[in-house]
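Position one of the sequence shown corresponds to residue 18 (this note's numbering), numbered consecutively onward. Glycine residues also receive a C-beta, built at the ideal position from the N, C-alpha and C atoms. Before any comments, here is the structure.
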Amino acid sequence: IAAEKEEGAAAVASDLAAATYGLEVLDTNIEDDDSNFTRFMLLSRDPVNHLLKARPGSVPCKTSIVFTLPNSAGSLYKALACFSLRDIDCCKIESRPTSVQLLQYLKYRGNSLLPKDNAQGTPTPDGDIPKFRYCFYLDFLAPEGSESARAALANLREQCPYVRVLGSYPARSYLVGPIQEVVAGRNLLGSAPDAAVRRQRRLTRPQRLKDILPASEVAAAVAGKGAGHVAGPSSPLRVGVVGYGTLGRFMAQALDEMGCSVSALQTESTPIITRVTPPGGKPRHDGSSPDEDHADVLLSNGLMRDENVNLFPKTAANKFLAQDLDIVVMCVQPLDLERVVRSLPMHLLRGKVVADTGSAMTEARDTMLRLLPLDTELICTDLMFGPWTPKVKKGNWAGLPFVYDRVRVSKEHQNVVTRFINLFESKKCNCMEMSAEEHDEMALAPNFLTHVLGRTVARQESAVPTLINTPSFSDLLGVADQVQKQPFDDFYAMYRSLPSAKEQLRNLRGALVQIEAELASLDGYMAARAEVQRSDRMEHLAEIKHLLQDIVRENESNGASKPAAAGRIEDAVVPRAPAKKKKKDAGHV
């Protein structure tokens, strides 16, 4: 409404929203029922957990979670007991049907989702998955980082197939951080600190934030920056990519297209050929020497690198990290991560933001935390697609998942991390923040299963396209093609990081044996049925033969003449028709 300056339209919003966006307050306390309350959420790209930890106990906190329950008696009672036994007050609970994506995830969690048919809880013979399940949204009055809340959530995760923390934030309209500083410093909402008192106050004149603060400070406050911080022109994000293989090259070129200033460090001894001046352009220098130019590099695979990426050889790690980089992105194979990190000059990583892009986030996080200096910021990401993804080949990233975990990010580096994540949001990726454990729990098992099936199909001689492919067969070939293009080291990293990998392989072998047994059983049944049918025919023929023999003996006893071919029962059964006889009815032959 504020941006479009719509006339004849009004917003139901908070006092702070009206003051922030310069809207006229027409009325307050508009509810028909005094017991009706509307909760307004102040959203930010930056979490406020570090602000709550800095003032433990001084700010009342509320945490919102979502979870699903196993299909068993008393499951909700047991879930709520995780909080009541620790004296944690639950202030809100709602239930909603799950989404299709979450239901598919729960399907892979094992037999906990299957319906039960007896007191022992064994799955029903048909093993049908319910068409829908419920999610429970719960708010409790405690910060996520408190000891009691951590214990309650750990206990809840032991019982429920899916638990996710949506956020932990101040309760009762308390503000923290830069927004609180601006509001308190400018007295935007008066001196009454309590939300209930503010609701009783009827505004007679709108208090416009833009009338009190300069526009630059308004934008800074809303963006999560401190008051008085005037954001200048946005400079390109300076990104250093470690590793220039398939993923590293893809990442470097993508970041360059997003407007970043990109440099890349080779981690393998790949021979490079440099030309002083790239065709049709000016030479670019990596800063190591005026005579060195890496603007146009031919890699060993014959591909010409992007002219806008400054490529450093493996031996120039010091010069690479000596640049004023905002963020260093690790694009190396999971098995090489520890070796590559150890080879980097650690003193040049101090104070920098390092991002990992491995599929096994927990293992990568633990490795980086163990090796990197304590003052190195760390985020773990999983770009769950690559140059092999069909949508990416068409230049469409919309809806593709990008998962990240802010493992160790200080307040002064929050802006850099947010800008990096916003790059993928600008490509319309489905950006999701979750812990490394949650990511691995949700993604590793399905990805490992996809790789196993895809690589198995790729090894079949019959897995070749034909002129009359069915859609499902084309999809299957597409999966096989995608996983074959990904390094086998990634597949092994998933195998090593997934606790249930060996069990999955055993289950797949068992499933193949079961399918083979079912086919053999049906094959035996069909053969037995054919044998029974043949035996029935033989019995019928034997009965007819005995019947005809009885007729012949009866005729002989009555003095009748013998058939012309008494030894041939078939002639007696089907005598030849006279030449001029009418055509037989086909149904009475």
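In this chain, the alpha helix (DSSP H) harbouring Leu173 covers Glu164 to Gln176.
In this structure, the CA atom of Pro418 is about 38 angstroms from the CA atom of Asn53. Non-local beta-carbon contacts of Leu93 in its own chain, meaning distances under 8 angstroms to residues more than five positions away in sequence, involve Leu86 and Phe153 in chain order.
The segment 437 to 454 makes contact with the segment 269 to 281, as at least three CB pairs between them are under 8 angstroms. Burial state of Val117 is exposed, judged by a 10 Å Cβ sphere holding fewer than 16 other Cβ atoms. With respect to the C-alpha of Ala20, the residue from Tyr38, Ser81 and Val193 having the closest C-alpha is Tyr38. Ile105 sits in coil when the DSSP states are folded into three classes, being neither helix nor strand.
Closest in C-alpha terms to Lys22, from the list Leu366, Leu40, Val420 and Ala96, comes Leu40.
In the structure shown, the three-state DSSP call for Ala480 is coil. One thing to note: Phe84 has its Cβ within 8 angstroms of the Cβ of Val180. In the DSSP annotation of this structure, Ala544 is not part of any beta strand (DSSP E); the continuous alpha helix (DSSP H) holding it starts and ends at Ala518 to Ser574. In the structure shown, Val409 adopts helical secondary structure according to DSSP, grouped into three states. The beta carbons of Ala510 and Ser376 sit closer together than 8 angstroms. The residue from Glu429, Gln121, Pro187 and Leu173 with its alpha-carbon nearest to that of Leu60 is Pro187. Excluding five sequence positions before and after His468, the CB atoms of its chain that fall closer than 6 angstroms to its own CB belong to Val500 and Phe508, given in chain order. In the pairwise beta carbon analysis, the segment 323 to 333 is classified as not touching the segment 343 to 357: fewer than three pairs are separated by under 8 angstroms. Collapsing the DSSP output to three states places Met401 in coil. Remark: C-beta atoms of Met385 and Val346 do not approach each other more closely than 8 angstroms. With a threshold of 16 other beta carbon atoms within 10 Å, Lys79 meets it and is buried. Taking the Cα of Gly257 as reference, the smallest distance to any Cα among Glu164, Leu366, Gly471 and Asn447 is reached at Leu366. In the DSSP assignment, Leu155 is bridged to Ile82 and Ile110.
Its Cα nearest to that of Asp32, the residue Ser190 stands out among Val76, Ala372, Met401 and Ser190. With a contact defined as Cβ atoms closer than 8 angstroms, Thr374 and Thr398 qualify at about 5 angstroms. Of the residues Pro114, Phe402, Val193 and Leu470, the one whose Cα lies closest to the Cα of Cys448 is Phe402.
The beta carbon of Ala169 lies closer than 7 angstroms to those of Cys99, Phe100, Arg103 and Ile105 in the same chain, with the five residues before and after it left out. For the pair Val279 and Ala269, the CB atoms are nearer than the 8 angstroms cut-off. Counting C-beta pairs with one atom in each stretch, the segment 404 to 413 and the segment 451 to 460 have fewer than three that are closer than 8 angstroms, which means they do not touch.
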